[in-house]
Amino acid sequence: MSEQTVSHPSTLQLILRSNGFLIGAGLTALFVLAALVSFIWTPYDATQMSIADKLKTPSAAHWLGTDHFGRDMLSMIMVGARVSMAVAFVAVGVGILAGVPLGLYAASKRGGLIDEIIMRGNDLIFAFPSLLLAIMITAVFGPGAVNAIIAIGIFNIPVFARLSRGAALSLWQREYIMAAQVCGKSKALISLEHILPNITNLLIVQGTIQFSLGILAEAGLAYVGLGAQPPLPSWGRMLNDAQTLISIAPHLALVPGLTIVLTVLGLNLMGDGLRDLLDPKLRRVKS
Amino acid sequence: MNFNHLTSHKMRALAASCAVAAFMVSSTAHAMNTDVTIGMQLEPPNLDPTGGAAAAIDEVVYANVFEGLTRFGPDGSVNPALAASWDISEDGTVYTFKLNDGVKFHDGSDMNADDVKFSLDRARAEDSTNAQKALFAGITSVDVVDPLTVKVTLDKPNGSFLFNMAWGDAVIVAPETADNNASNPVGTGPFTFKNWAKGDAVMLTRNADYWGEAVKLENVTFKFISDPTAAFAAMMAEDIDAFPVFPAPENLAQLGADPRFEVVVGSTEGETILAMNNKKAPLDNIKVRQAITHAIDRQAIIDGAMFGYGTPIGTHFAPHNPDYVDLTAQSAYDPEKAKALLQEAGVSDLTLTLKLPPPSYARRGGEIIAAQLREVGIDTEISNLEWAQWLEQAFRGKDFDLTIVSHTEPFDIGIYARDDYYFQYGDADFKAIMDDLKGETDPAKRSALIAAAQQKIADDAVNGYLFQLARTGVANAKLKGLWENAPTQANDMTGVYWSE
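So the protein sequences, as listed, match chains A and B.
Under this note's numbering, the first residue of the first sequence carries the number 4, and numbering increases by one thereafter.
Under this note's numbering, the first residue of the second sequence carries the number 88, and numbering increases by one thereafter.
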């Protein structure tokens with residue numbers, strides 16, 4: 004009886020109903036688009052200086068104004084988006100590629116020595132505040148985009164390792180996994196063929212959140228001068244450059260500041276929306 | 088009527104009390120105006136000018152707490168200080184100083200010829216920790232003639248001896264207190280040391296027993312604010328009355344437009360250069376170095392990095408010096424010529440490292456220079472370094488191609504004669520010019536040698552000469568008597584007063 008009254012809305016309907024997801028996806032798409040377009044076109048060369056045109060407020064010629072060297076802010080934001088996204092994307096990739104196998108392996112050896120070693124190692128990395136760890140790594144290996152990726156990526160490893168281990172542990176108790184075990188499948192194969200596909204939803208949601216944290220971390224590192232080095236534009240360094248000029252040219256701080264806020268907000272909204280959409284339990288409750 | 092009468096009575100009383108109140112307000116305001124707070128970017132490591140090289144030491148104590156035999160005036164002239172007058176022997180090797188009478192140290196003891204002998208002997212001793220021992224190098228003996236007369240004998244005539252004695256490193260200290268001057272400075276100056284809140288401020292107060300002309304200020308506070316943004320905020324809030332070397336040139340226009348403040352732009356001894364590693368290929372090729380100097384647009388750097396404050400220079404010499412030769416035309420901005428020179432040198436696909444210390448002239452100037460070099464086909468790899476890293480890698484390790492730094496010592500062209508100096512020039516011909524200069528006392532010949540030295544390093548394109556740092560000071564418009572220029576590192580408060 005009750006089964007019949009519950010209608011299952013289609014995924015498309017759910018997406019359209021979820022305002023947060025739509026806004027988030029829209030914002031994210033905008034910045035991804037800006038980053039992609041910057042490869043083939045920017046209004047001006049983002050590194051081209053024109054001291055005579057410095058500190059111009061937004062106008063038809065420069066939509067977001069110019070900075071203290073007369074560089075076009077819109078072009079810098081677009082190229083900066085590329086840098087931010089590349090750093091965050093690769094860092095999340097590092098986290099997933101290293102963290103998920105570790106987590107799955109630990110789960111398959113539950114309670115064993117290897118499980119302990121992996122998870123306590125993760126705790127060790129986790130114990131450091133992420134930005135502090137990133138600053139430490141870039142301070143030792145030198146500033147630069149590549150080292151920023153490594154630094155942020157290392158911090159992502161325990162996040163994904165914990166997530167996948169936790170999810171995998173509950174899956175190992177399921178009947179179909181036991182069935183597979185009884186059939187003689189190796190633990191590694193079970194992890195790959197049965198566990199991994201079932202935790203993908205979680206990984207996608209977490210990946211989105213980590214992606215936004217990665218962008219924040221990159222901006223933070225660049226702000227303290229440890230991210231991408233000049234002349235490569237970077238949102239965090241634009242903020243730093245704007246600091247002393249804030250009283251005479253507020254747009255210098257507002258433009259990169261709002262860009263970072265909107266990007267992170269967009270990714271977080273999208274992550275939340277994705278969780279709602281991908282979680283079957285929530286789907287039923289909401290409908 | 089009665090009512091009216093009462094009212095007018097009351098009115099009169101009110102008016103009278105108002106007048107009294109107004110008078111009291113103005114008198115309290117007047118009383119408050121003997122205090123001044125001076126902003127500085129760097130805190131001194133200690134307060135002993137005879138035991139440290141940091142400019143911030145002199146910027147607190149020079150002329151305020153400590154005095155020497157002679158002293159610098161605001162225009163760089165050398166004036167009498169503790170020495171009222173002096174005689175120079177015919178051959179120029181014996182200086183007899185007549186000391187001022189009645190000079191007392193802050194601890195109450197008399198300042199006499201014995202203290203002068205002690206101070207000079209201490210500074211030139213083998214184990215002296217004086218940062219400028221070269222100032223005292225020519226002294227062979229210091230003799231006390233009587234309590235107010237002291238005779239200094241030199242090994243050979245030295246035209247700049249009185250100039251040397253005016254340095255902060257040559258101040259007169261007392262034997263009893265000399266060892267504690269680092270934390271509790273005791274001098275003869277018009278201000279006594281009151282308190283040092285580490286990390287925040289040094290406070291001085293008026294010396295009631297000062298021997299010379301009494302100063303108008305009662306209390307002077309030197310407040311240390313390293314962050315340019317915070318410096319600007321403190322200035323705007325009037326927490327600081329004057330910032331003689333204001334760290335954020337971008338805010339000067341705004342402060343200058345504010346009637347509360349006055350912006351004073353003076354000169355410093357800081358030659359800002361794009362230093363090149365002369366021994367490292369391909370920078371050992373003069374054509375490559377010349378190409379770099381022609382690729383640089385000085386005015387763009389001054390406008391972009393310093394917001395227009397700074398004077399272009401074409402050699403390592405201060406433009407306000409009478410012996411300065413303007414050689415900027417020799418390395419004028421000419422990208423085409425730069426490209427041609429690179430081609431002649433047979434260099435292509437050049438990538439150079441550009442290591443930048445923290446000051447904004449370096450960080451901002453570096454980005455502009457990188458863009459300018461890119462125009463002529465030279466790529467740069469910028470790394471922003473902290474001072475400690477910069478000193479370690481670039482200055483001592485000589486591991487750099489290009490770097491930007493300002494040389495703030497007066498008359499420091501002699502560094503080009505050093506073999507082991509970080510840009511590694513040490514040319515034999517240049518050394519010969521400097522050796523000749525050392526032995527020369529004739530002013531006209533000295534000028535000619537100094538000009539030759541300037542010409543030589545410009546001809547060899549040793550470094551890219553960018554601009555002379557400006558001394559950009561901000562002060563409350565009512566505060567008078569501050570120094571405009573910086574002939575030496577000092578914040579002389581003796582002539583400072585509030586105009587109302």
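We put the CB at the ideal spot given by N, CA and C, even for glycine.
Just so it is clear, the structure is predicted and the values come from calculations on it, not from any experiment.
is_contact[residue i, chain A] using C-beta, thresh 9 Å
| i | result |
| --- | --- |
| P315(B) | yes |
| R385(B) | no |
| F192(B) | no |
| F589(B) | No answer is possible for residue 589(B): it lies beyond the span of chain B, which begins at 88 and ends at 587. |
| R58(B) | The structure shown does not extend to residue 58(B), since chain B spans only 88 to 587, so no value can be given for it. |
| S228(B) | no |
| H92(B) | With a pLDDT of only 45 at H92(B), under the threshold of 50, the placement of this residue in the model should not be trusted, and no figure is reported. |
| S447(B) | yes |
| V112(B) | Low confidence applies to V112(B): its pLDDT is 44, below 50, so where it sits in the model is not reliable enough to give any reading. |
Buried/exposed call for residue i, threshold 16 Cβ in 10 Å
| i | result |
| --- | --- |
| F404(B) | buried |
| N267(B) | exposed |
| G139(B) | buried |
| M181(A) | exposed |
| P331(B) | buried |
| I125(B) | buried |
| L460(B) | buried |
| K442(B) | buried |
| N22(A) | exposed |
| F510(B) | buried |
| M139(A) | exposed |
| F144(A) | exposed |
| A109(B) | Any reading at A109(B) must be qualified, since the residue scores a pLDDT of 45, below 50, and its modelled position is unreliable; the value itself is stated next. By the neighbour-count rule (16 or more Cβ atoms within 10 Å), A109(B) is not buried but exposed. |
| R293(B) | buried |
| Q16(A) | exposed |
| L255(A) | buried |
Chain B within 9 Å of residue i, Cβ atoms only
| i | result |
| --- | --- |
| S237(A) | no |
| F72(A) | yes |
| G223(A) | no |
| G228(A) | yes |
| P234(A) | yes |
| K190(A) | no |
| M79(A) | no |
| M52(A) | yes |
| T45(A) | no |
| L242(A) | no |
| L116(A) | no |
| L248(A) | yes |
DSSP bridge partner residues for residue i (one or two, in chain order)
| i | result |
| --- | --- |
| V561(B) | F330(B), V350(B) |
| L566(B) | W585(B) |
| R293(B) | F278(B) |
| L441(B) | I469(B), L489(B) |
| F498(B) | F498(B) pairs with nothing; no bridge assigned. |
| E358(B) | H494(B), Q555(B) |
| K367(B) | K367(B) is not bridged to any residue. |
| T124(B) | T308(B) |
| D233(B) | T236(B) |
| A288(B) | A284(B), K310(B) |
Near the ligand FMN: residue i beta-carbon under 8 Å from a heavy atom
| i | result |
| --- | --- |
| D546(B) | Judged by which ligands are present, the structure shown has none, so any question about the ligand FMN falls away. |
In chain order, each alpha helix (DSSP H) run of at least 4 residues that lies wholly inside the stretch 172 to 246 of chain A: 178 to 185, 190 to 193, 199 to 226, 238 to 245
4 or more residues per run - each alpha helix (DSSP H) lying fully within the stretch 198 to 230 of chain B: 200 to 211
Residues from the stretch 250 to 278 of chain A in contact with chain B, defined by Cβ distance under 8 Å: S250, I251
Complete alpha helix (DSSP H) runs within the stretch 387 to 417 of chain B (minimum length 4 residues, chain order): List check, alpha helix (DSSP H) in window: nothing returned.
Proximal residues, the stretch 453 to 480 of chain B versus chain A, C-beta separation under 7 Å: From the stretch 453 to 480 of chain B, only E454, I455, A457, A458, I469, S470, N471 have a Cβ closer than 7 Å to chain A.
Minimum length 3: unbroken beta strand (DSSP E) runs contained in the stretch 235 to 285 of chain B: 236 to 241, 278 to 284
Interface positions of the stretch 364 to 393 of chain B facing chain A (Cβ-Cβ less than 7 Å), listed along the chain: A387, D390, G391
Every unbroken alpha helix (DSSP H) inside the stretch 141 to 186 of chain B [4 residues or more]: Along the length of the stretch 141 to 186 of chain B, whole alpha helix (DSSP H) runs at least 4 residues long occupy 142 to 148, reported in chain order.
Chain A contacts made by the stretch 330 to 342 of chain B, where a contact means CB separation under 8 Å: Within the stretch 330 to 342 of chain B, the qualifying residues are A335, E337, N338, A340, Q341.
In chain order, each alpha helix (DSSP H) run of at least 4 residues that lies wholly inside the stretch 58 to 139 of chain A: 76 to 111, 116 to 130
Residues of the stretch 136 to 147 of chain A with Cβ closer than 8 Å to any Cβ of chain B, in chain order: G145, P146
Residues in the stretch 56 to 71 of chain A having any Cβ partner in chain B nearer than 8 Å: K57, H71
The stretch 28 to 41 of chain A: positions lying closer than 7 Å to chain B by Cβ: none
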